[in-house]
Structure formats: C-alpha cells, structure tokens
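As structure tokens, the structure follows; a few thoughts come after it.
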Amino acid sequence: MRVAILDDEPAELRRVEQTLQQMPEPGEPAWSLHSFERGEDLLRQLRRETYDLLILDWQLPDISGLALLRWTREHMESPPATIMLTSRDGEADIVQALNAGADDYVSKPFRPNELKARVAAVLRRHSQQRSAATEVLNFNDLVFDDAELTVTRDGVPIGMTEREYRLARCLFTNLGRPLSREYLYSRFWSHEEMVSSRPLDTHIYRLRNKLGLTVERGWQLLTIYGYGYRLESVASATE
1 MRVAILDDEP AELRRVEQTL QQMPEPGEPA WSLHSFERGE DLLRQLRRET YDLLILDWQL
61 PDISGLALLR WTREHMESPP ATIMLTSRDG EADIVQALNA GADDYVSKPF RPNELKARVA
121 AVLRRHSQQR SAATEVLNFN DLVFDDAELT VTRDGVPIGM TEREYRLARC LFTNLGRPLS
181 REYLYSRFWS HEEMVSSRPL DTHIYRLRNK LGLTVERGWQ LLTIYGYGYR LESVASATE
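Here it is as structure tokens:
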C-alpha cells in the first residue's frame with residue numbers, strides 16, 4: 001500500500017505517519033509512506049508515481065490540497081482514494097471537498113484510532129467500487145475478466161498465473177504512466193520475495209511474450225532505466 005501524505009507542518013506529518021504505520025495486520029507488509037510539505041512536490045510525483053491513497057491538508061503555502069484533489073479527478077483515469085485532513089471544519093468546506101471528489105473528510109486535531117478506521121473504510125469502499133466497475137476490461141483484442149482472472153485474445157484464453165494477470169491488469173489500467181519498481185513490488189510481492197530485481201524482470205518478460213506486447217500488435221512495454229516500466233498504446237505496423 002503506497003500512501004502520499006501532504007501537510008506543511010512536519011510534526012503533523014510525523015503524527016500521521018506513526019498512525020498509518022499501525023495499519024497493516026501482523027504478518028502483512030508495511031505500508032510505503034511518502035510525506036510532502038509542499039503541494040508542488042506532490043503534484044510532480046503524481047505525474048510520474050502511483051499511489052493507492054492520498055491524505056491531503058487543505059491550506060498550504062503553494063498549491064492547496066483541494067486544488068490537488070481536483071487535479072487528480074480531472075487528469076487521472078483512476079485517481080487514488082483521497083482523505084482531506086485539515087483544520088478547516090466548516091460545513092461549507094466539508095461539502096466543497098466532498099463535491100470535489102474527496103472520499104472522506106477528517107478535522108484536525110485528529111484522533112489516531114478514528115483516522116485508522118476512516119482510512120480502512122475508504123480503502124475498502126474504493127476497492128469494492130473499482131471491482132464492480134471494472135469486472136471486464138477491453139484493450140484492443142485483449143479482454144481482461146476480473147471474475148475469472150483470465151485474459152483472452154479473440155476469444156482464446158491466454159495461460160497466465162494469478163500474479164501475471166494482476167500485474168498485466170495494472171500495466172493496462174495505467175497505460176502511458178510510468179510505474180516504479182517499488183510500486184509494483186509493494187503491490188504484487190511479499191517482503192520475503194523482494195530479494196532481487198529478477199522476479200519482476202522475469203514476469204515482465206513473460207507478459208511481453210504471452211500477451212504479444214509488440215508494436216505490430218499496437219503495444220510497447222518500455223523499460224525506464226533505474227525506475228521501472230511503462231506500457232504504451234502505439235499505432236500497429238499493420239494499420
């Protein structure tokens with residue numbers, strides 16, 4: 001779970017971090033927490049990184065949390081779940097943030113157990129909404145079926161493991177976006193499996209072959225040196 005936290009008060013950032021560090025159940029991998037004191041810094045990362053949850057303060061010296069929330073809803077195909085965490089607690093403020101797309105609104109000073117409960121509820125609801133909305137996805141001649149965890153091309157099933165399916169689905173639902181190795185590992189591998197870079201490289205190699213991710217078929221799976229991978233849709237050579 002990758003979480004971006006935005007607040008211009010370092011002490012508040014540390015408090016939110018300490019609270020979220022308690023979220024994983026025993027045996028589950030620790031969450032990857034990324035803290036920002038400036039809205040511009042978070043916006044720069046949102047253009048190239050992927051997060052599962054944003055926790056945003058409203059009032060900042062540069063870009064407000066509300067402006068960042070609106071940007072994610074306007075420019076991201078699958079925006080992350082977002083909670084506003086702010087000292088602005090007026091009814092008009094809450095309504096404005098919820099209408100802009102916030103999944104929840106927590107007033108400062110927050111109570112740690114309440115924040116944990118709200119985060120869990122938002123993530124659970126966000127996951128259910130995505131599952132209901134994207135049970136079957138079509139990408140050119142490829143069809144992803146979430147219910148069966150299968151990919152077919154022209155009606156013919158492509159043999160894939162569950163992890164290969166989920167990794168491929170992640171790449172296709174983030175077309176054109178660079179995905180870091182850190183993000184992919186945190187989503188699809190346990191901490192014990194993250195011994196080297198080879199498991200991810202091996203899976204990427206298999207997906208290229210199994211799904212035919214070639215220019216001839218309209219796809220290009222790029223390796224971003226020192227960072228990760230990006231899947232792009234391109235004009236096929238046969239067009």
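So for the sequence shown, full-length UniProt numbering puts the first residue at 1; every next one is plus one.
Backbone N, C-alpha and C define an ideal beta-carbon position, used for all residues, glycine too.
With distances taken from CA atoms, which of F36, S35, Q21 is nearest P29? As a working note, residue 29 is residue 29 in the sequence shown. Nearest option by C-alpha distance: Q21.
Proximity to D146 [Cα-Cα], best of L69, R169, Q45: Working through the sequence shown from its first residue, we reach residue 146 at position 146. The option with the nearest alpha carbon to D146 is R169.
Does G65 come out as helix, strand or coil in the three-state DSSP assignment? Residue numbering aside, residue 65 sits at position 65 when the sequence shown is read from its first letter. In this structure, G65 counts as helix in the three-state DSSP scheme.
Determine whether the beta carbon atoms of L53 and G65 lie at a separation below 7 Å. The residue labelled residue 53 in the question sits at position 53 within the sequence shown. The residue labelled residue 65 in the question sits at position 65 within the sequence shown. Going by C-beta atoms, L53 is not nearer than 7 Å to G65.
Alpha helix (DSSP H) containing E162: first to last residue? For the purposes of this step, residue 162 is taken as the residue at position 162 of the sequence shown. Per DSSP, E162 belongs to the alpha helix (DSSP H) from 162-173.
From the DSSP output, which residues share a beta bridge with P157? Counted from its first residue, the sequence shown places residue 157 at position 157. Note: P157 sits in a beta bridge opposite T152.
Would you mind working out which of R177, L213, A100 sits nearest F139, comparing C-alpha positions? Here residue 139 corresponds to residue number 139 of the sequence shown, with the count starting at 1. Closest option to F139, Cα to Cα, is L213.
Which residues in the same chain as T238 place their Cβ atom closer than 6 Å to its Cβ, once the five residues preceding and following it in sequence are excluded? As a position in the sequence shown, residue 238 is number 238, starting the count at 1. Note on T238: pLDDT 46, under 50, position unreliable in the model; the coordinate value appears next. Closer than 6 Å at Cβ, skipping near neighbours: no residue.
Residues bridged to Y227 (per DSSP): Position 227 of the sequence shown, counting from 1, holds the residue named residue 227. Checking the DSSP bridge columns, you'll see Y227 has no partner listed.
Cut-off 6 Å between Cβ atoms - residues of its own chain near R187, not counting five sequence neighbours on either side: Here residue 187 is taken as the residue at index 187 of the sequence shown, counted from 1. No residues qualify anywhere along the chain.
Evaluate contact between the stretch 37-44 and the stretch 166-184, counting only Cβ atoms and requiring at least three cross-stretch pairs below 8 Å. Touching, no, given that fewer than three Cβ pairs across the two stretches are closer than 8 Å.
Residues bridged to T86 [DSSP beta-bridge criterion]: By 1-based counting over the sequence shown, the position of residue 86 is 86. Answer is S107.
In the DSSP assignment, the alpha helix (DSSP H) including N140 goes from what residue to what residue? Indexing the sequence shown from 1 puts residue 140 at position 140. Where N140 is concerned, there is no enclosing alpha helix (DSSP H), given that its DSSP letter is neither H nor E.
Beta-carbon contacts of F110 that lie in its chain and below 7 Å, excluding the five residues immediately before and after: What you label residue 110 is simply residue 110 of the sequence shown in a count that begins at 1. Closer than 7 Å at Cβ, skipping near neighbours: L85.
For H203, the nearest candidate out of V143, L142, E135, G228 (CA to CA): Numbered from 1 along the sequence shown, position 203 holds the residue referred to as residue 203. Among V143, L142, E135, G228, the Cα nearest to that of H203 is on G228.
Determine the contact status of G101 and R73, defining contact as a CB-CB distance below 7 Å. Reading the sequence shown from its first residue, position 101 is the one you call residue 101. Reading the sequence shown from its first residue, position 73 is the one you call residue 73. It is a contact, given that the beta carbons lie within the stated cut-off.
Coil, strand or helix - R213 by DSSP: Mapped onto the sequence shown, residue 213 falls at position 213. Going by the sequence as given, residue 213 is Leu instead of Arg. Looking at L213 - three-state DSSP - the assignment turns out to be coil, as it is neither helix nor strand.
State the DSSP-derived secondary structure class of W219, mapped to helix, strand or coil. Numbered from its first residue, the sequence shown carries residue 219 at position 219. It is a strand residue.
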